[in-house]
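If you read the sequences in order, they're chains A and B.
First residue of the first sequence: 545, per the numbering used here; consecutive thereafter.
First residue of the second sequence: 75, per the numbering used here; consecutive thereafter.
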Amino acid sequence: MKQVANKDAVLRISSDEKWINETDVAQQTNESDGYALEEALRTVEAKGEGEVVVCTLGPQGAKSVIKDALARGAHRAIQIIVEDSKTLSAYQVAKTIADAIREENADLIFGGLQSDDASYGQTGVILAELLGIPHATIVIEVDRESLGETLRVKRELESGWYQWFTYKLPALMTIQSGISQIRYASLKGIMAAKSKPVTEVTPSVEAFASAPTIEKVYMPLKTKQTQMLGNGDAKAGAVELIEKLRSEVRVI
Amino acid sequence: MSILVFIEHKDCTLNKTSLEAITAAQSIGKDLGVGVTAVIPCDKDCGLAQEIDRYAIHKVIVVKNEKLGIYTPDAYADAWEQVIKATNPQYVVMSHTYQVRDFAPKVAARLGREVVGDCIRYRSEGDKLVLTRRIFLGKLDADVSLGGEAPYFVTFQSGAFRGDAAEKGSGASVETMTVDVGDVRMTPEAPFQEAKASVDLTKSEIIVAIGRGIKSQENITIAQQLADVLGADLAASRPICDADWLPIDRQIGSSGQTVAPKVYIALGISGAIQHIVGMKNAGTIIAVNKDAEAPIFDIADYGIVGDLFEAVPVMIEEIKKVKG
Ligand SMILES: Cc1cc2nc3c(=O)[nH]c(=O)nc-3n(C[C@H](O)[C@H](O)[C@H](O)COP(=O)(O)OP(=O)(O)OC[C@H]3O[C@@H](n4cnc5c(N)ncnc54)[C@H](O)[C@@H]3O)c2cc1C
Ligand SMILES: Nc1ncnc2c1ncn2[C@@H]1O[C@H](COP(=O)(O)O)[C@@H](O)[C@H]1O
Numbered sequence: 545m546k547q548v549a550n551k552d553a554v555l556r557i558s559s560d561e562k563w564i565n566e567t568d569v570a571q572q573t574n575e576s577d578g579y580a581l582e583e584a585l586r587t588v589e590a591k592g593e594g595e596v597v598v599c600t601l602g603p604q605g606a607k608s609v610i611k612d613a614l615a616r617g618a619h620r621a622i623q624i625i626v627e628d629s630k631t632l633s634a635y636q637v638a639k640t641i642a643d644a645i646r647e648e649n650a651d652l653i654f655g656g657l658q659s660d661d662a663s664y665g666q667t668g669v670i671l672a673e674l675l676g677i678p679h680a681t682i683v684i685e686v687d688r689e690s691l692g693e694t695l696r697v698k699r700e701l702e703s704g705w706y707q708w709f710t711y712k713l714p715a716l717m718t719i720q721s722g723i724s725q726i727r728y729a730s731l732k733g734i735m736a737a738k739s740k741p742v743t744e745v746t747p748s749v750e751a752f753a754s755a756p757t758i759e760k761v762y763m764p765l766k767t768k769q770t771q772m773l774g775n776g777d778a779k780a781g782a783v784e785l786i787e788k789l790r791s792e793v794r795v796i
Numbered sequence: 075m076s077i078l079v080f081i082e083h084k085d086c087t088l089n090k091t092s093l094e095a096i097t098a099a100q101s102i103g104k105d106l107g108v109g110v111t112a113v114i115p116c117d118k119d120c121g122l123a124q125e126i127d128r129y130a131i132h133k134v135i136v137v138k139n140e141k142l143g144i145y146t147p148d149a150y151a152d153a154w155e156q157v158i159k160a161t162n163p164q165y166v167v168m169s170h171t172y173q174v175r176d177f178a179p180k181v182a183a184r185l186g187r188e189v190v191g192d193c194i195r196y197r198s199e200g201d202k203l204v205l206t207r208r209i210f211l212g213k214l215d216a217d218v219s220l221g222g223e224a225p226y227f228v229t230f231q232s233g234a235f236r237g238d239a240a241e242k243g244s245g246a247s248v249e250t251m252t253v254d255v256g257d258v259r260m261t262p263e264a265p266f267q268e269a270k271a272s273v274d275l276t277k278s279e280i281i282v283a284i285g286r287g288i289k290s291q292e293n294i295t296i297a298q299q300l301a302d303v304l305g306a307d308l309a310a311s312r313p314i315c316d317a318d319w320l321p322i323d324r325q326i327g328s329s330g331q332t333v334a335p336k337v338y339i340a341l342g343i344s345g346a347i348q349h350i351v352g353m354k355n356a357g358t359i360i361a362v363n364k365d366a367e368a369p370i371f372d373i374a375d376y377g378i379v380g381d382l383f384e385a386v387p388v389m390i391e392e393i394k395k396v397k398g
């Protein structure tokens, strides 16, 4: 589970123009990762045994992701502390996580399908390859009845198509947002989280020659001339818009 | 040296976004002075080869193995690994489809490489490309340079290049390369469509679409009222359908319907690429969003920065006035 800048945060490009200035930006757990946790919890509950271990890689402050996941029911956590994690490529993130969790020999690894900041959409797939296990991406249903030596999952294809696959375990699944209703942390859960074990690791991240480098971050170039209406006044904008729809677009 | 371009298909029927990848590869090929080779994984002598060899490319390689009939990431990764080792390309270019998302990072990782994914454009600097990708849910762009040695893996976002701009040629040679595929650890069933859509939004003239900004299911009423006075159909972004506030057949975007109405009114929709691909060809796009930086404004013809709950009732009143 990854910590990312809050969806609604105002983003300011950092002075070196290589990322955003994250110092005063509210953080949250990446959206699809919350759903990944929920699938993990439900799978262990359905099985009636086992534990959910949450893992995050990021600066010290990413601990809030772990606290929240433990409060929702994860049993323990591995926190990989890398202060400048936002400069890492997808391969580097996956490699560092792989090295930290390999010994866990997990039966199932659930991750989000994409991070809302870097948006590589790759970390899970690379992680599976590095661990030598099969993967499925964009999973939107887990058939828990099927859970045994194998697991059957439904993948989303494009334009309203779907496909079921059965995986030999261990396997890694990247989960699509909206797959389920995520549980809230109960007060009891929040209290219990305080005594759950968190293993901290501080690896040195290996250099990776093929890592792409961000040269410059900037506001997207506009492709269209947009007529802004109302000047920040929604009601005035609405009046102007209907006038445009009548006189220019001619649909009223 | 060559550029490999992936031709995606289902049962030898082309996925049209592969034409966009051909356009991209041709363009890069011209800039760098290298030829383009199309790669078609298939379990037979793929009929698609004769369709693809009409484009201005050097060669078409049909990569053959009985396990390449129905897509699996394991079989595709094994096949691609061998094609790349045999052809030693400089670039591997693909469209950023769901299938490519599924196997490309695996192939690259296996070869000690990393995909620069979901790019929207490129420029060449010497013999290397600088690629632009969207980050932070479309709010920012990043120019990215490539690291290490070839092959470089690049995928382009749907719509970054025009498929109909792919250059035709005088017939490329078609080769078959038989590959080995090892253990496939997943068993696919047949792809299927969920219950047929009962509303066909592709025929709608006007669409009022709601996103998370609508906040609650009850609030959909005001969007419905707007749709009613306009004679429009109601549609939504994915989270609205995920929450069952509207049925899935009203979802617009890469996993929903693709529409091109005369007018598309987006209420409280941020404009994520997966939504935009489904509606960007609308005649007139109108966005109401309280965040002036929302990416939806990049493609809007008319924009209102503000609260939709203030704007929409006024819109309804004004339309009623006009209509008398
Ligand atoms: C593989 C994949 C497939 C996907 N397929 C699809 C798809 O087919 N269709 C799709 O839509 N998405 C799809 N998505 C999801 C997509 O990435 C976005 O998450 C989604 O489109 C966001 O929906 P939204 O704009 O409604 O919500 P948000 O991104 O949360 O945006 C809500 C917007 O409402 C605005 N707002 C809030 N309150 C108000 C108010 N009172 N007045 C005005 N504005 C307000 C906010 O400023 C914000 O911009 C897919 C994602 C992936 C990874
Ligand atoms: N730093 C990280 N720590 C933990 N998980 C991560 C990290 N980066 C990526 N992931 C996981 O990989 C998924 C895909 O991320 P990305 O490849 O960056 O789009 C995320 O949804 C997370 O589940």
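Each residue gets a CB set at the ideal place from its N, CA and C atoms; glycine is no exception.
Asked                                                                                                                                                                                                                         : Found
Using a threshold of 8 Å, is the CB atom of arginine 312 (chain B) nearer than that to any non-hydrogen atom of ligand 1?                                                                                                     : yes
Distance, Cα to Cα, isoleucine 564 (chain A) vs serine 558 (chain A)?                                                                                                                                                         : 5 Å
Using only the heavy atoms of ligand 1, determine whether one of them is closer than 8 Å to the beta carbon of phenylalanine 227 (chain B).                                                                                   : no
Whether or not the region 767 to 778 of chain A and the region 368 to 377 of chain B are in contact is what I'm after, with contact meaning three or more pairs of Cβ atoms, one per stretch, closer than 8 Å; do they touch? : yes
Between A:Leu773, A:Thr587, A:Ile758, which has its C-alpha nearest threonine 206 (chain B)'s C-alpha?                                                                                                                        : A:Ile758
Spell out the partners DSSP gives serine 690 (chain A) in its beta bridges.                                                                                                                                                   : Answer is none; serine 690 (chain A) lacks a bridge partner.
Taking 8 Å as the cut-off, is the C-beta of aspartate 176 (chain B) nearer than that to any heavy atom in ligand 2?                                                                                                           : no
Could you tell me the distance, in whole angstroms, from the CA atom of alanine 216 (chain B) to the CA atom of aspartate 119 (chain B)?                                                                                      : 41 Å
Name the residue from B:Lys336, B:Leu93, B:Gly256, B:Asp365 whose alpha carbon lies nearest to the alpha carbon of lysine 354 (chain B).                                                                                      : B:Lys336
Among B:Lys202, B:Val204, B:Val157, which residue has its Cα nearest to the Cα of valine 181 (chain B)?                                                                                                                       : B:Val157
How close, in whole Å, do the beta carbons of alanine 297 (chain B) and valine 386 (chain B) come, if the pair is a contact with beta carbons under 8 Å?                                                                      : 7 Å
In chain A, what lies closer than 8 Å to methionine 168 (chain B) by C-beta?                                                                                                                                                  : The premise fails here: methionine 168 (chain B) is roughly 13 Å from chain A at the closest Cβ pair, so nothing lies under 8 Å.
Just to confirm, is the Cβ distance from threonine 276 (chain B) to alanine 234 (chain B) under 9 Å?                                                                                                                          : no
Report yes or no: do three or more beta-carbon pairs, one from the region 678 to 688 of chain A and one from the region 699 to 719 of chain A, lie closer than 8 Å?                                                           : yes
At the 9 Å Cβ level, is glutamate 223 (chain B) part of the contact set with chain A, yes or no?                                                                                                                              : yes
Alanine 299 (chain B) touches chain A at which residues, Cβ-Cβ below 7 Å?                                                                                                                                                     : Before going further, note that residue 299 (chain B) is glutamine rather than alanine in the sequence given. Here the premise fails: no neighbours, minimum Cβ distance about 13 Å.
Output the boundary residues of the beta strand (DSSP E) element that contains methionine 389 (chain B).                                                                                                                      : It is not in any beta strand (DSSP E) - methionine 389 (chain B) instead sits in the alpha helix (DSSP H) that spans 382 to 397.
To which residues of the same chain is isoleucine 653 (chain A) closer than 6 Å at the C-beta, ignoring the five residues directly before and after it?                                                                       : Leu716
Sort out for me which residues DSSP pairs serine 247 (chain B) with in a bridge.                                                                                                                                              : B:Lys133
How would you call glutamine 331 (chain B), buried or exposed, if buried means at least 16 neighbouring beta carbons within 10 angstroms?                                                                                     : buried
Out of curiosity, what's the CA-to-CA distance linking isoleucine 96 (chain B) and leucine 731 (chain A)?                                                                                                                     : 55 Å
Could you tell me whether any Cβ in chain A is nearer than 9 Å to the Cβ of tyrosine 196 (chain B)?                                                                                                                           : no
Can you determine whether any heavy atom of ligand 4 sits closer than 8 Å to the C-beta of lysine 779 (chain A), and answer yes or no?                                                                                        : As presented, the structure is devoid of ligand 4, carrying ligand 1 and ligand 2 as its sole ligands.
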